[in-house]
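A.B. asks: Input: one structure, supplied below.
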Amino acid sequence: MKKILSICLVLSSAVIAIVALAAPSPRSTLKGSKPSWANSKNYVGGAKASDQLGFRMYLGWNNPSGAEALAQAVSNPRSSSYRHYLTPDQFRKQFAPTANQVAQVQSWLTSQGFALVYTPKNNHYVSAKGTIAQAQSAFG
Numbered sequence: 071m072k073k074i075l076s077i078c079l080v081l082s083s084a085v086i087a088i089v090a091l092a093a094p095s096p097r098s099t100l101k102g103s104k105p106s107w108a109n110s111k112n113y114v115g116g117a118k119a120s121d122q123l124g125f126r127m128y129l130g131w132n133n134p135s136g137a138e139a140l141a142q143a144v145s146n147p148r149s150s151s152y153r154h155y156l157t158p159d160q161f162r163k164q165f166a167p168t169a170n171q172v173a174q175v176q177s178w179l180t181s182q183g184f185a186l187v188y189t190p191k192n193n194h195y196v197s198a199k200g201t202i203a204q205a206q207s208a209f210g
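Numbering of the sequence shown is given in my numbering, commencing with residue 71 and proceeding in unit increments.
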């Protein structure tokens with residue numbers, strides 16, 4: 071149950087990433103997205119533009135409110151769904167990003183020059199790699 075709730079929380083933030091990819095818009099820093107240790111006192115220097123980096127682009131679940139409602143229902147002793155958990159396959163069929171959604175993210179990443187590394191069976195993220203220069207160009 072805790073795993074489902076954790077997944078739902080992570081996915082809500084991933085929905086923001088999908089929406090941002092769907093329609094080009096001016097870039098802005100998300101409030102709370104900068105860790106407190108990332109400040110000018112701790113700045114040592116920039117990475118070389120040619121340095122490699124790897125990252126994951128997380129995709130949100132489809133129908134996140136439905137996933138949240140399901141998580142609540144299977145956890146509530148008063149619910150008829152109490153302890154009637156979905157199998158991983160059932161959860162993926164109901165809530166996982168579609169192959170088309172994953173393909174759109176993969177297409178955008180490759181259009182920015184990144185190499186695709188891995189996408190898990192649940193389509194929860196796309197792992198990619200590239201250079202610092204590519205990341206700066208793509209993400210600002």
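Even for Gly, the Cβ is constructed at its ideal location relative to N, Cα and C.
Report the three-state DSSP secondary structure of THR180 (helix, strand or coil).
C.D. replies: For the purposes of this step, residue 180 is taken as residue 110 along the sequence shown, with counting starting at 1. It is helical.
A.B. asks: What are the boundary residues of the alpha helix (DSSP H) that LEU140 is part of?
C.D. replies: The sequence position of residue 140 within the sequence shown is 70, counting from 1. Note, LEU140: alpha helix (DSSP H), 134 to 145.
A.B. asks: Measuring CB to CB, does ASN193 end up less than 8 Å from LEU129?
C.D. replies: Within the sequence shown, residue 193 is the residue found at index 123, counting from 1. Within the sequence shown, residue 129 is the residue found at index 59, counting from 1. Closer than 8 Å, so yes.
A.B. asks: Compare the beta carbon distance of GLY124 and SER197 with 8 Å and say whether it is the shorter of the two.
C.D. replies: Position 54 of the sequence shown holds residue 124. Position 127 of the sequence shown holds residue 197. Yes.
A.B. asks: Cβ atoms of LYS199 and PHE184: under 8 Å apart, would you say?
C.D. replies: Residue 184 sits at position 114 when you count from the first residue of the sequence shown. Residue 199 sits at position 129 when you count from the first residue of the sequence shown. Closer than 8 Å, so yes.
A.B. asks: Am I right that LEU186 and GLN174 are in contact with their C-beta atoms under 8 Å? What's the rounded C-beta distance?
C.D. replies: Position 116 of the sequence shown holds residue 186. Position 104 of the sequence shown holds residue 174. Not quite, the Cβ-Cβ distance comes to about 13 Å (not below 8 Å), so this is no contact.
A.B. asks: Classify ALA90: buried if its beta carbon has 16 or more other beta carbons within 10 angstroms, exposed otherwise.
C.D. replies: Your numbering for residue 90 matches position 20 in the sequence shown. Confidence at ALA90 is low in this model, with a pLDDT of 47, below 50, so the placement of that residue should be treated as unreliable; the coordinate-derived value is given next. Classification of ALA90: exposed, given that the 10 Å Cβ count is below 16.
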